[in-house]
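Colleague: Please read through the structure below; I'll follow up with questions.
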Amino acid sequence: MEPDPVVLKHSHILRVWAAHNGDMGRLRGELLAYRQVAEERADAAAAHAQAAAREAAWRFSGVALEWSERFYRDEAARIDWLIDRLEGER
Numbered sequence: 003m004e005p006d007p008v009v010l011k012h013s014h015i016l017r018v019w020a021a022h023n024g025d026m027g028r029l030r031g032e033l034l035a036y037r038q039v040a041e042e043r044a045d046a047a048a049a050h051a052q053a054a055a056r057e058a059a060w061r062f063s064g065v066a067l068e069w070s071e072r073f074y075r076d077e078a079a080r081i082d083w084l085i086d087r088l089e090g091e092r
């Protein structure tokens, strides 16, 4: 049995892939805006996780929120890496 083909579903990586002849300045701006959203989501998840920690019944929700914070912080770090990598390719 053959493995399924790789399917890329990340909208900003698709923009990078499709922008090979595009404007790096515009792409960088879009990536920075996305990074800002990721940081805001991470901050919100952290705040909600702290609130959930005060209620024993919300223990599992708190863990999910901690995971969410880590996910969005990692996403922001990947955007930093991506911008550095793209600017090194000029």
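Under the numbering used here, think of the first position of the sequence shown as 3, with each following residue one higher.
All C-beta atoms in this analysis are idealised placements derived from N, C-alpha and C, irrespective of residue type, glycine included.
So, are the CB atoms of L84 and V18 less than 8 Å apart?
Modeller: Position 82 of the sequence shown, counted from the first residue, corresponds to residue 84. Position 16 of the sequence shown, counted from the first residue, corresponds to residue 18. Cβ distance < 8 Å, so L84 and V18 count as in contact.
Colleague: May I have the straight-line CA-CA distance separating P7 from H50, to the nearest angstrom?
Modeller: One-based indexing of the sequence shown puts residue 7 at position 5. One-based indexing of the sequence shown puts residue 50 at position 48. In a straight line, the C-alpha of P7 is about 38 Å away from that of H50.
Colleague: Return the residue from the list R80, A78, A44, M26 that minimises the CA-CA distance to A66.
Modeller: Within the sequence shown, the letter at position 64 stands for residue 66. Out of R80, A78, A44, M26, A44 has the C-alpha closest to the C-alpha of A66.
Colleague: Thinking C-beta only, is A78 closer than 8 Å to R37?
Modeller: Translated into the one-based positions of the sequence shown, residue 37 becomes position 35. Translated into the one-based positions of the sequence shown, residue 78 becomes position 76. It is a contact, given that the beta carbons lie within the stated cut-off.
Colleague: Inspect the beta-carbon positions of A54 and Y74 and report whether they are closer than 8 Å.
Modeller: Here residue 54 refers to the residue found at position 52 of the sequence shown. Here residue 74 refers to the residue found at position 72 of the sequence shown. No, these two residues do not count as a Cβ contact at 8 Å.
Colleague: Would you give the residue range spanned by the alpha helix (DSSP H) that V18 belongs to?
Modeller: Locating residue 18 in the sequence shown gives position 16, where the first residue counts as 1. Counting along the chain, the alpha helix (DSSP H) containing V18 begins and ends at 13 to 20.
Colleague: Measuring alpha carbon to alpha carbon, tell me which residue in L33, P5, E4, H12 is nearest R87.
Modeller: To locate residue 87, count along the sequence shown from 1; it is residue 85. Checking every option, the nearest Cα to that of R87 belongs to L33.
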